[in-house]
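>
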Ligand SMILES: Nc1ncnc2c1ncn2[C@@H]1O[C@H](COP(=O)(O)OP(=O)(O)OP(=O)(O)O)[C@@H](O)[C@H]1O
Ligand SMILES: [Mg+2]
């Protein structure tokens with residue numbers, strides 16, 4: 001299997017607070033990896049290590065080794081802007097920019113120097129199609145992204161994330177603010193985009209993790225308790241704590 005992201009002995013501190021403890025595992029290309037675990041166990045923090053969003057948090061200190069496609073993302077020569085282009089992120093709350101649908105999706109490509117209208121048109125169309133939103137917005141690309149429904153806004157954010165053709169897409173509870181229908185659309189979308197991207201998704205919904213992920217990582221208080229093939233973990237967890245969590249005994 002093709003390793004896309006590898007974490008070795010990752011420790012994360014916010015000041016004195018030790019939040020991730022010796023986390024080591026590999027996430028594979030063209031697979032969906034789900035991160036699960038009770039609130040506060042460090043899932044979002046781990047995700048933020050992967051595109052160096054924790055750089056924005058003054059008290060945060062990351063130790064250990066994180067490689068994306070073999071490259072040490074904390075190495076001195078790593079360009080953080082290029083890294084974030086290659087590692088896209090979708091957040092819990094849809095957060096379109098206050099601009100048109102078109103400009104939301106063209107934002108990243110423009111930032112990275114693409115100026116030609118035909119080229120931008122083509123990227124915008126492919127990305128919105130890729131996010132299964134095209135039919136709903138193709139006649140109003142100049143309308144504000146903020147005028148869309150929550151589920152449409154989230155698909156717009158996914159279109160924005162895939163527009164720079166990242167290798168890795170991080171999703172932090174992307175459907176927790178959506179209704180079941182919009183959730184089903186995003187899940188279908190995740191199944192499709194994993195053909196081209198490495199998807200790492202945080203979810204509190206065990207059914208969702210079981211439905212969409214190939215691998216699951218279970219975190220508890222900053223420890224990676226268990227990591228493996230989702231179907232195996234859900235049918236035959238090795239650790240009692242994993243079993244308790246996925247059967248709803250705590251969390
Ligand atoms: N910016 C920050 N500064 C200081 N501490 C933080 C910061 N962000 C998170 N923490 C702490 O790190 C720990 C892990 O938080 P994190 O948000 O990663 O958990 P989580 O697993 O994503 O939880 P949830 O399921 O509630 O989203 C918590 O104890 C939290 O209080
Ligand atoms: Mg979180």
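Numbering (this note's numbering), first residue to last: 1 to 251.
From the three backbone atoms N, C-alpha and C, an ideal C-beta is built for every residue, glycine too.
Computed from a predicted model, the values in this text were never measured in an experiment.
1. Closer than 7 Å to a non-hydrogen atom of ligand 2 - does that hold for the CB of residue 43?
2. Could you tell me which whole beta strand (DSSP E) segments of length 3 or greater appear in the region 119-189?
3. Hey, would you say the C-beta of residue 176 is under 7 Å away from at least one heavy atom of ligand 1?
4. Helix, strand or coil, according to DSSP, for residue 2 in the structure here?
5. Between the region 13-29 and the region 213-231, can you find at least three pairs of beta-carbon atoms closer than 8 Å?
6. Just confirm the distance between the C-beta atoms of residue 51 and residue 89, as a whole number of angstroms; I'd bet it's less than 8 Å.
7. Is it the case that the region 92-102 contacts the region 145-157, given that we only count it when at least three CB pairs across the two stretches are under 8 Å?
8. When the distance is taken between beta carbons, is residue 12 closer than 8 Å to residue 45?
9. Report yes or no: do the region 115-133 and the region 151-167 share at least 3 C-beta pairs separated by less than 8 Å?
10. Tell me the DSSP secondary structure of residue 226 in three-state form.
11. Under 8 Å between the Cβ atoms of residue 201 and residue 168?
12. Is residue 2 a contact residue of ligand 2, with contact defined as CB to any heavy atom under 7 Å?
13. Residue 137: beta carbon under 7 Å from a heavy atom of ligand 2?
14. Consider the C-beta atom of residue 202 and the heavy atoms of ligand 2; say whether any pair is separated by less than 7 Å.
15. Consult DSSP for residue 54 and reduce its assignment to one of helix, strand or coil.
16. Report whether the distance from the Cβ of residue 172 to the nearest heavy atom of ligand 2 is below 7 Å.
17. From residue 72 to residue 191, what does the alpha carbon distance come to, in whole angstroms?
18. Closest to residue 150 by CA distance: which of 139, 170, 176, 128 is it?
19. Would residue 66 pass as an interface residue toward chain B - the criterion being a Cβ-Cβ separation below 8 Å?
20. In whole angstroms, give me the CA-to-CA distance for residue 113 and residue 164.
21. When you compare each of 210, 222, 221 to residue 237 by their alpha carbons, which one comes out closest?
22. What does the Cβ neighbour count give for residue 271, buried or exposed, with the cut at 16 atoms within 10 Å?
23. For residue 101 versus residue 87, is the C-beta distance shorter than 8 Å?
So, from the data block:
1. By one-based count along the chain shown, residue 43 stands at place 43. Result yes, Cβ under 7 Å from ligand 2.
2. Correct list: 168-172.
3. For the purposes of this step, residue 176 is taken as the residue at position 176 of the chain shown. Result no, Cβ not under 7 Å from ligand 1.
4. For the purposes of this step, residue 2 is identified with residue 2 of the chain shown, where counting begins at 1. If DSSP states are grouped into helix, strand and coil, residue 2 belongs with coil.
5. The region 213-231 makes contact with the region 13-29; the number of CB pairs closer than 8 Å reaches 3 or more.
6. By one-based count along the chain shown, residue 51 stands at place 51. By one-based count along the chain shown, residue 89 stands at place 89. So it is a contact: roughly 6 Å between Cβ atoms.
7. yes
8. As a first step, residue 45 is located in the chain shown; it is residue number 45 there, counting from the start. As a first step, residue 12 is located in the chain shown; it is residue number 12 there, counting from the start. Yes; because the gap between Cβ atoms is below 8 Å, this pair is in contact.
9. Yes, since at least three Cβ pairs between the region 115-133 and the region 151-167 fall closer than 8 Å, the two stretches touch.
10. As a working note, residue 226 is residue 226 in the chain shown. In the structure shown, residue 226 sits in a strand (DSSP, three-state: E or B).
11. Here residue 201 corresponds to residue number 201 of the chain shown, with the count starting at 1. Here residue 168 corresponds to residue number 168 of the chain shown, with the count starting at 1. It is not a contact, given that the beta carbons lie outside the stated cut-off.
12. Against the chain shown, residue 2 aligns to sequence position 2. No, the beta carbon of residue 2 sits no closer than 7 Å to any heavy atom of ligand 2.
13. The sequence position of residue 137 within the chain shown is 137, counting from 1. It does not: the Cβ of residue 137 is nowhere closer than 7 Å to a heavy atom of ligand 2.
14. Stepping through the chain shown from its first residue, residue 202 is reached at position 202. Correct: residue 202 has its Cβ closer than 7 Å to ligand 2.
15. Mapped onto the chain shown, residue 54 falls at position 54. Here residue 54 sits in helix by DSSP.
16. Reading the chain shown from its first residue, position 172 is the one you call residue 172. Result yes, Cβ under 7 Å from ligand 2.
17. Counted from its first residue, the chain shown places residue 72 at position 72. Counted from its first residue, the chain shown places residue 191 at position 191. Roughly 28 Å separates the two Cα atoms.
18. Stepping through the chain shown from its first residue, residue 150 is reached at position 150. Here the closest residue by C-alpha is 176.
19. Checking the listed chains, one finds no chain B in this structure; it contains a single protein chain.
20. The sequence position of residue 113 within the chain shown is 113, counting from 1. The sequence position of residue 164 within the chain shown is 164, counting from 1. Roughly 11 Å between the two C-alpha positions.
21. On the chain shown, residue 237 is found 237 positions in, with the first residue counted as 1. Taking only the C-alpha atoms, the option nearest residue 237 is 210.
22. Look at the range of the chain in this structure, 1 to 251, and you will see that residue 271 is not part of it.
23. For the purposes of this step, residue 101 is identified with residue 101 of the chain shown, where counting begins at 1. For the purposes of this step, residue 87 is identified with residue 87 of the chain shown, where counting begins at 1. Cβ atoms of residue 101 and residue 87: not closer than 8 Å.
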